[in-house]
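This report refers to the structure that appears directly beneath it.
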Amino acid sequence: MASPYLIQTVSDGVAHIELNRPDKKNAMLLEMRDGLAQMFEALADNDEVRAVLLTGAGGDFCAGADIGEMGKGGLGGSLYRVRHMQRLMRAMVRLQKPVVAAVQGVAVGMGLSMALACDVVLAGQSARFGQVQRRIALPPDAGAVWFLTRYLGVLRAKELVLSGRMFPATEALAMGLVSRVEPDSQLLDAARSIAREYARGPTIAFGIGKRMFDLAPSSSFDDFMEHEASMVPLSVTSEDFREGTRAFLEKRQACWTGQ
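The sequence shown lines up with residues 3 to 261 when you count with this note's numbering.
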């Protein structure tokens, strides 16, 4: 489903997706969730795209799900919207290409989850984060408990959810929820530079590495060794591996194609 609230451009191997509903702080309508899920699903099969950059228009990243749509249709309507939200989160997490988020302004609720579904999160100094659903008597959704428990541990995650408090970029950095903090004026350029660097990298190896990170927290050491043994050899068959080894032996910069 195409949405006027989503803008995608492709340049230098990077798909830049902008949430474009600035008058509502890019709060996610159902059509936006569906459209963004379809974009990420399509990018999985697009060999021209080797990295993704996700941003929000108008000085904010995302204010979460649109409150105006909540509660419509009773229990059935709510389940329908949750399932569509989960489709988006799955598409983001499953994409085997690097995803960079550039966050300024608010990133709350579903917006925070979307940022945490990315591989690298750059925050502007204006960025403010929070799991604020308690303010409307809702539990966290969009995988928030999974992400926060994974990154912070149960106690710290519970405190953020139960308090519903907002916290600044500096605290998010200290907690390990963002990768770097940049001045707002430099945020987009910094994020683009990182995304372009990843787009020039060994895409298949990146994808395998992402999958290994997904499996590690829920695996015993021995089980993870088996995952590693089944996945690492797959990269040896890639053209990028052959190019990487040639470049190393020839003492030159590798030129990877993502194949």
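Just so you know, even glycine gets a beta-carbon here, dropped at the ideal spot from N, CA and C.
Cutting at 6 Å between CB atoms, please list the residues of its own chain near residue i, excluding the five before and the five after it.
| i | result |
| --- | --- |
| G58 | L21, N28, C64 |
| R23 | Y7 |
| A67 | M30, M112 |
| A46 | L97 |
| A129 | V105, Q106, A171 |
| E230 | none |
| G60 | P24 |
Could you spell out where the alpha helix (DSSP H) holding residue i opens and where it closes?
| i | result |
| --- | --- |
| V122 | Per DSSP, V122 belongs to no alpha helix (DSSP H); it is in the beta strand (DSSP E), 122-126. |
| I196 | 186-201 |
| R254 | Taken as a continuous stretch (DSSP letters only), R254 belongs to no alpha helix (DSSP H), as it is neither H nor E. |
| R130 | No alpha helix (DSSP H) contains R130, which is instead part of the beta strand (DSSP E) from 130-132. |
| S115 | 112-118 |
| A39 | 32-45 |
| K160 | 156-165 |
Pop quiz: residue i and residue j are said to be a contact at Cβ under 8 Å. What is the actual Cβ separation, rounded to whole angstroms?
| i | j | result |
| --- | --- | --- |
| A103 | L56 | 5 Å |
| A171 | K99 | Wrong, their Cβ atoms sit about 25 Å apart, outside the cutoff. |
| S181 | V95 | Going by Cβ atoms, the distance from S181 to V95 rounds to 17 Å, so no, they are not a contact pair. |
| E241 | Q261 | 4 Å |
| S165 | A146 | Incorrect: roughly 14 Å between the Cβ atoms, too far for contact. |
| A193 | L124 | 5 Å |
| A93 | A39 | 5 Å |
| I210 | M177 | Not quite, the Cβ-Cβ distance comes to about 28 Å (not below 8 Å), so this is no contact. |
| L162 | Q133 | 5 Å |
| R83 | L32 | 6 Å |
| A144 | M91 | 6 Å |
| L157 | L118 | In fact, because the Cβ distance is near 18 Å, the residues do not count as touching under 8 Å. |
| R152 | P219 | 6 Å |
Taking the beta strand (DSSP E) that residue i belongs to, which residues open and close that run?
| i | result |
| --- | --- |
| T57 | 53-58 |
| G66 | Where G66 is concerned, there is no enclosing beta strand (DSSP E), given that its DSSP letter is neither H nor E. |
| T11 | 8-13 |
| E20 | 16-21 |
| M168 | 168-170 |
If we count the other Cβ atoms within 10 Å of its Cβ and call it buried at 16 or more, is residue i buried or exposed?
| i | result |
| --- | --- |
| M87 | buried |
| Q106 | buried |
| F131 | buried |
| Q135 | buried |
| F223 | exposed |
| T205 | buried |
| I19 | buried |
| F250 | exposed |
| D191 | exposed |
| E184 | buried |
| F149 | buried |
| A44 | exposed |
| I196 | buried |
| P142 | buried |
| M227 | exposed |
| G37 | buried |
So, for residue i: in the same chain, excluding its five sequence neighbours on each side, which residues have a beta-carbon less than 8 Å away from its beta-carbon?
| i | result |
| --- | --- |
| E50 | V12, G15 |
| E245 | A256, C257, W258, T259 |
| D216 | V95 |
| G126 | A104, V105, Q106, G107, A171, V183, E184, P185, D186, L189 |
In its own chain, which residues sit with a C-beta less than 7 Å from the C-beta of residue i, not counting the 5 before and 5 after it?
| i | result |
| --- | --- |
| R167 | G132 |
| R89 | A39 |
| F243 | S237 |
Secondary structure, beta strand (DSSP E): runs of 3+ residues fully inside the segment 69-109 = 101-105
Give, in chain order, every unbroken run of the alpha helix (DSSP H) that is at least 4 residues long and sits entirely within the segment 205-241.
-> Within the segment 205-241, the runs of alpha helix (DSSP H) at least 4 residues long that lie entirely inside it are, in chain order, 205-217, 223-238.
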